[in-house]
Each structure stands twice: as C-alpha cells, then as structure tokens.
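Under the working numbering, the first residue of the sequence shown is numbered 1, with each subsequent residue one higher.
Glycine is no exception: its CB is placed at the ideal position from the N, C-alpha and C atoms.
All values reported here derive from a predicted model rather than from experimental measurement.
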Amino acid sequence: MMKTIGIIGGMGPMATVDLMKKVILATDAREDQDHIPILVDNNTNIPDRTAAILGKGESPLPELMKSAERLTNGGADFLIMGCNTAHYFLPLMLPHLRIPVINMIEETAKFCAKEGYRKVGLLASAGTCKSGIYQRALAREGVEVVQPQGEAEEAVHGMIYDGVKAGDMSYDTTAVRMALKKMADEGCEAFVLGCTEVPVAVEMYHLEGNFIDATEVLAEKAVEKAGAKVISHLPRKAVMA
C-alpha cells in the first residue's frame with residue numbers, strides 16, 4: 001500500500017496543478033492503480049506570503065494550518081507545500097503538525113550539493129529572496145548563491161505576479177532573460193527555480209537555461225516517500241557537462 005500525499009495548495013492554483021502533474025509524471029506507473037493517492041487542498045484563502053514577510057500583509061500561518069488539518073483529517077500520510085515562500089513559515093507549523101512534511105528548500109539544496117553544483121543562480125519572488133531561506137539552506141550544503149539585484153529582481157518578481165499569477169501569456173520577459181545572462185556570466189552553473197510559479201513561467205515564456213526545478217525535486221521526493229518508483233526529470237550535472 002502506497003502512502004497518501006497531502007498537498008497544501010492554492011499558492012497559486014496553477015502552481016498547485018503543476019506540482020500535482022509533476023508527482024504524476026515522476027511516478028513509474030503503467031495503469032491507474034500504480035499511481036499515488038493524492039489529496040489537494042487548493043486553499044486560495046491563504047494570504048500572500050511575500051507580503052507577510054515584507055510586513056505588508058497578514059500572516060498565512062492560520063490558513064496554512066487549516067489546510068494541514070483538513071489534509072491530515074482526510075487521510076494524508078505526509079504533506080508537501082506547493083509554495084517555496086511558504087516554507088519560511090514551516091518552523092512555526094512543525095510543532096503543530098500531526099504528520100511529516102517534506103521541506104522543498106532543504107531537498108533542493110541537498111540535490112544541488114549532491115550533483116556537484118558549486119554556484120547557482122536563484123530565481124524567486126522578492127519574499128523568498130529577502131527571507132534568506134534558500135541562501136541559508138544552500139550555504140549549509142556548501143553551494144554559493146547569486147540572485148538578481150535591483151531591477152533584475154523586480155523583473156523576476158513581476159514575471160511571477162504580473163505574468164504567471166495574472167495569466168498573462170504575452171508578458172515581456174526581456175529583463176528576466178538579461179538577468180539570466182548576467183548570472184551565467186558571473187559563473188552560475190545552473191538556476192534554481194525557487195518559486196513555484198517560475199517553472200510555469202519557463203514553459204509559458206520559453207525561457208532557456210540549465211534549470212533546477214525545486215517543484216520537481218519536491219515531487220520526486222514525495223513519490224519516493226509514498227513508496228513508488230521514481231522517474232527522474234532533474235538535470236544531472238555529469239550529463240550536462
């Protein structure tokens with residue numbers, strides 16, 4: 001019997017769908033019954049995480065805990081969160097959770113180190129960047145982080161909020177492409193997609209680069225923990241070299 005995954009979603013809805021899709025695609029299955037049971041709480045009442053971190057909005061913690069409780073009561077064996085920025089609040093959640101949770105940030109940092117990446121660029125929301133959650137996790141694994149600054153940071157944040165979240169298929173990503181080139185010129189071997197909307201943006205806007213998708217890392221870890229065989233879609237540094 002495989003374990004049931006509980007997804008705390010709604011942050012945002014399209015990113016939640018992307019996470020669930022990646023869990024399904026990462027599962028070695030030949031028929032319906034080979035797939036993993038998944039419960040999803042698409043809780044769009046969760047306040048904006050970046051606004052909360054920047055002191056401009058209410059805490060998402062109460063709604064995050066409501067989702068965790070609903071999923072736990074519904075039969076989930078462990079939890080995953082479809083939002084990088086929400087992991088800033090995970091330490092406050094842990095004492096009150098009744099089932100385990102996979103930490104996407106820590107697993108992504110471990111993946112980077114395991115694959116031998118020494119310097120990576122971080123593509124994330126302003127809240128995630130300013131929270132330092134990725135910087136600390138990657139530093140613990142001995143990986144140097146470069147992140148967009150100034151207008152480049154605003155461009156990435158704008159792509160997330162005004163592009164993906166707003167469903168704008170024609171959003172101008174010129175400034176984001178320039179930021180990617182600058183980080184590559186500074187020696188970044190890969191780019192960590194550190195916001196759940198950024199993998200969606202890569203597909204929507206046909207961005208190019210050696211991308212480490214944190215959502216994919218989380219999905220594959222969830223498949224493994226659920227007890228299924230993993231089909232990995234993550235870039236292996238040895239192959240990319």
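Exercise. In this structure, does DSSP put M178 in helix, strand or coil?
Worked result: helix
Problem set entry | Residue from I160, Q147, E208 whose Cα sits closest to the Cα of K130 | Q147
Problem set entry | Cα-Cα separation between A113 and R136, rounded to whole angstroms | Near 13 Å, if we compare the C-alpha coordinates of R136 and A113.
Exercise. What are the partner residues of L190, as DSSP defines its beta bridges?
Worked result: The sequence as given places Ala at residue 190; Leu does not occur at that position. According to DSSP, A190 shares a beta bridge with V120.
Exercise. From L19 to T85, what distance separates their C-alpha atoms?
Worked result: C-alpha separation (whole angstroms): 15 Å.
Exercise. So, helix, strand or coil for G270, using DSSP?
Worked result: Outside the shown range of the chain (1 to 241) lies residue 270, about which nothing can therefore be said.
Problem set entry | Distance between V223 and L138 (C-alpha atoms, nearest Å) | 23 Å
Problem set entry | Integer-rounded CB distance, given that N210 should sit under 8 Å from A190 | 4 Å
For this session: Could you tell me whether the stretch 168-187 touches the stretch 213-220, where touching means 3 or more Cβ pairs closer than 8 Å?
Result: Here the stretch 168-187 does not lie against the stretch 213-220, with fewer than 3 beta-carbon pairs under 8 Å apart.
Problem set entry | Continuous beta strand (DSSP E) stretch holding I80: start and end | 78-81
Exercise. Is there contact here, the stretch 51-70 with the stretch 187-203, by at least three beta-carbon pairs under 8 Å?
Worked result: no
Problem set entry | Three-state secondary structure (DSSP) of I36 | coil
Exercise. What are the start and end residues of each continuous alpha helix (DSSP H) run of 4 or more residues lying completely inside the stretch 125-157, in chain order?
Worked result: 126-131, 133-140
Exercise. How long is the line joining the alpha carbons of M93 and I102, rounded to whole angstroms?
Worked result: Those two C-alpha atoms are separated by around 13 Å.
For this session: Only counting runs of 3 or more residues, tell me where the beta strand (DSSP E) segments fall wholly within the stretch 41-106, in order along the chain.
Result: 78-81
For this session: Alpha carbon to alpha carbon, how far is E151 from N73? Give it in angstroms, no decimals.
Result: 44 Å
Exercise. For the candidate residues A155, T4, P37, Y161, whose alpha-carbon lies nearest to that of P13?
Worked result: It is Y161.
Exercise. Would you report the Cα separation of I7 and I46, rounded to the nearest angstrom?
Worked result: 14 Å
Problem set entry | C83 and R118 closer than 8 Å at C-beta | no
For this session: Whole angstroms is fine: what's the gap from S170's alpha carbon to R177's?
Result: About 15 Å.
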